[in-house]
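Residue numbers (my numbering): 256 to 402.
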(Lines of atoms letter the chains of each structure in order from A and count residues from 1; the text may use other names and numbers.)
(Lines give C-alpha, C1' and ligand atoms only; values in the text may rest on other atoms or scores of the structure.)
Protein backbone atom coordinates (compact mmCIF):
# COMPACT_ATOMS: atom_id res chain seq x y z
CA UNK A 1 0.00 0.00 0.00
CA UNK A 2 2.83 2.38 0.89
CA UNK A 3 4.58 1.72 -2.46
CA UNK A 4 1.37 2.35 -4.41
CA UNK A 5 0.88 5.71 -2.67
CA UNK A 6 4.53 6.61 -3.35
CA UNK A 7 4.18 5.65 -7.02
CA UNK A 8 1.03 7.76 -7.40
CA UNK A 9 2.73 10.72 -5.70
CA UNK A 10 5.76 10.37 -7.99
CA UNK A 11 3.53 10.13 -11.06
CA UNK A 12 1.54 13.25 -10.08
CA UNK A 13 4.76 15.20 -9.42
CA UNK A 14 6.21 14.10 -12.78
CA UNK A 15 2.97 15.01 -14.57
CA UNK A 16 2.89 18.46 -12.92
CA UNK A 17 6.52 19.10 -13.89
CA UNK A 18 5.87 18.02 -17.50
CA UNK A 19 2.78 20.23 -17.80
CA UNK A 20 4.70 23.19 -16.39
CA UNK A 21 7.59 22.73 -18.82
CA UNK A 22 5.42 22.04 -21.87
CA UNK A 23 2.77 24.73 -21.34
CA UNK A 24 3.10 27.77 -23.61
CA UNK A 25 4.70 30.86 -22.12
CA UNK A 26 2.85 34.15 -22.10
CA UNK A 27 3.97 36.16 -25.14
CA UNK A 28 3.40 39.62 -23.74
CA UNK A 29 4.24 41.85 -20.82
CA UNK A 30 1.37 44.18 -20.07
CA UNK A 31 1.67 47.09 -19.08
CA UNK A 32 4.82 48.66 -20.57
CA UNK A 33 6.98 51.24 -18.77
CA UNK A 34 9.11 53.67 -20.77
CA UNK A 35 11.53 56.33 -19.52
CA UNK A 36 13.37 59.00 -21.43
CA UNK A 37 15.82 61.87 -21.09
CA UNK A 38 15.42 65.20 -22.89
CA UNK A 39 18.51 67.27 -23.75
CA UNK A 40 18.55 70.28 -26.06
CA UNK A 41 18.21 74.04 -26.42
CA UNK A 42 15.22 76.33 -25.87
CA UNK A 43 14.41 79.81 -27.04
CA UNK A 44 13.55 82.04 -24.08
CA UNK A 45 11.77 85.39 -24.29
CA UNK A 46 8.67 87.39 -23.43
CA UNK A 47 5.61 88.51 -25.38
CA UNK A 48 7.46 91.28 -27.21
CA UNK A 49 10.37 89.05 -28.23
CA UNK A 50 9.59 85.33 -28.24
CA UNK A 51 13.23 84.25 -28.69
CA UNK A 52 15.60 86.74 -27.10
CA UNK A 53 18.09 84.20 -25.72
CA UNK A 54 18.99 80.53 -26.03
CA UNK A 55 19.20 78.30 -22.94
CA UNK A 56 19.90 74.67 -22.09
CA UNK A 57 16.83 72.44 -21.71
CA UNK A 58 16.84 69.06 -20.00
CA UNK A 59 14.41 66.72 -18.35
CA UNK A 60 13.21 63.23 -17.55
CA UNK A 61 9.93 61.53 -18.48
CA UNK A 62 8.20 58.31 -17.50
CA UNK A 63 5.28 56.71 -19.31
CA UNK A 64 3.14 53.65 -18.48
CA UNK A 65 1.12 52.25 -21.41
CA UNK A 66 -1.69 49.73 -21.04
CA UNK A 67 -3.46 47.56 -23.62
CA UNK A 68 -0.52 46.45 -25.77
CA UNK A 69 0.41 42.84 -26.48
CA UNK A 70 2.56 43.44 -29.59
CA UNK A 71 4.16 46.22 -31.65
CA UNK A 72 1.01 46.78 -33.74
CA UNK A 73 -1.34 47.40 -30.77
CA UNK A 74 -2.66 50.74 -29.54
CA UNK A 75 -1.66 51.83 -26.04
CA UNK A 76 -2.93 54.37 -23.53
CA UNK A 77 -1.72 55.44 -20.12
CA UNK A 78 -0.34 58.14 -17.84
CA UNK A 79 2.95 60.03 -18.04
CA UNK A 80 4.93 62.21 -15.62
CA UNK A 81 7.81 64.55 -16.41
CA UNK A 82 10.19 67.05 -14.86
CA UNK A 83 12.26 69.50 -16.89
CA UNK A 84 13.98 72.85 -17.14
CA UNK A 85 13.87 75.09 -20.20
CA UNK A 86 16.07 77.93 -18.91
CA UNK A 87 19.37 76.39 -17.80
CA UNK A 88 18.14 75.28 -14.35
CA UNK A 89 16.74 78.70 -13.42
CA UNK A 90 13.21 77.29 -13.75
CA UNK A 91 11.38 74.01 -13.14
CA UNK A 92 8.40 72.37 -14.81
CA UNK A 93 6.63 69.38 -13.20
CA UNK A 94 3.78 67.78 -15.09
CA UNK A 95 1.71 64.80 -16.00
CA UNK A 96 -1.13 63.67 -18.20
CA UNK A 97 -2.19 60.98 -20.65
CA UNK A 98 -0.42 59.41 -23.63
CA UNK A 99 -1.95 57.58 -26.59
CA UNK A 100 0.26 55.35 -28.76
CA UNK A 101 -1.02 55.06 -32.35
CA UNK A 102 0.67 52.18 -34.25
CA UNK A 103 1.09 53.82 -37.69
CA UNK A 104 4.17 51.61 -38.26
CA UNK A 105 5.39 48.49 -36.42
CA UNK A 106 8.60 50.15 -35.23
CA UNK A 107 7.81 53.88 -35.58
CA UNK A 108 4.48 54.64 -33.88
CA UNK A 109 3.06 58.06 -33.03
CA UNK A 110 2.65 58.96 -29.36
CA UNK A 111 0.25 61.82 -28.60
CA UNK A 112 0.44 63.26 -25.07
CA UNK A 113 -1.54 65.98 -23.31
CA UNK A 114 -1.68 67.14 -19.73
CA UNK A 115 -1.01 69.85 -17.23
CA UNK A 116 2.05 71.14 -15.42
CA UNK A 117 3.17 73.51 -12.71
CA UNK A 118 6.08 75.73 -13.67
CA UNK A 119 8.33 77.75 -11.40
CA UNK A 120 10.37 80.74 -12.55
CA UNK A 121 11.56 83.84 -10.75
CA UNK A 122 10.09 86.35 -10.03
CA UNK A 123 6.59 84.96 -10.74
CA UNK A 124 6.77 81.77 -8.67
CA UNK A 125 4.58 78.78 -9.46
CA UNK A 126 2.17 78.99 -12.41
CA UNK A 127 -0.14 76.39 -13.98
CA UNK A 128 0.03 75.44 -17.63
CA UNK A 129 -1.07 72.99 -20.31
CA UNK A 130 1.29 70.79 -22.32
CA UNK A 131 0.96 68.74 -25.50
CA UNK A 132 3.49 66.60 -27.32
CA UNK A 133 3.65 64.64 -30.56
CA UNK A 134 6.41 62.01 -30.70
CA UNK A 135 7.25 59.89 -33.74
CA UNK A 136 10.07 57.40 -33.36
CA UNK A 137 11.04 54.04 -31.97
CA UNK A 138 8.77 52.81 -29.21
CA UNK A 139 8.98 49.03 -29.42
CA UNK A 140 7.06 46.50 -27.39
CA UNK A 141 9.18 44.43 -25.00
CA UNK A 142 7.91 40.84 -25.04
CA UNK A 143 10.02 39.80 -22.04
CA UNK A 144 9.82 42.62 -19.49
CA UNK A 145 7.70 45.44 -18.08
CA UNK A 146 10.34 47.96 -19.19
CA UNK A 147 10.03 48.90 -22.86
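Heads up, the beta-carbon is just placed ideally off N, CA and C, and yes, glycines get one too.
Assigned with DSSP and collapsed to three states, residue 353 falls in strand. Within the model, the alpha-carbon separation for residue 300 versus residue 401 is close to 38 Å. Counting along the chain, residue 304 sits inside no beta strand (DSSP E), nor does DSSP assign it H or E at all. Contact fails between the region 340-350 and the region 321-328, because fewer than three Cβ pairs, one in each stretch, are under 8 Å apart. The residues 317 and 350, in chain order, have a CB closer than 6 Å to that of residue 335 in the same chain once the five nearest residues on each side in sequence are set aside.
The Cβ atoms of residue 326 and residue 361 sit closer than 8 Å to each other. The C-beta of residue 365 has 16 or more other C-beta atoms within 10 Å across all chains shown, which makes the residue buried.
Look at residue 326 here: in three-state DSSP terms it is coil, with no helix or strand label. With respect to residue 329, residue 286 sits apart: the two C-beta atoms are not nearer than 8 Å. One alpha carbon belongs to residue 332, the other to residue 305, and they sit about 33 Å apart. With a cutoff of 8 Å on beta-carbon distance, residue 296 and residue 310 are scored as near each other.
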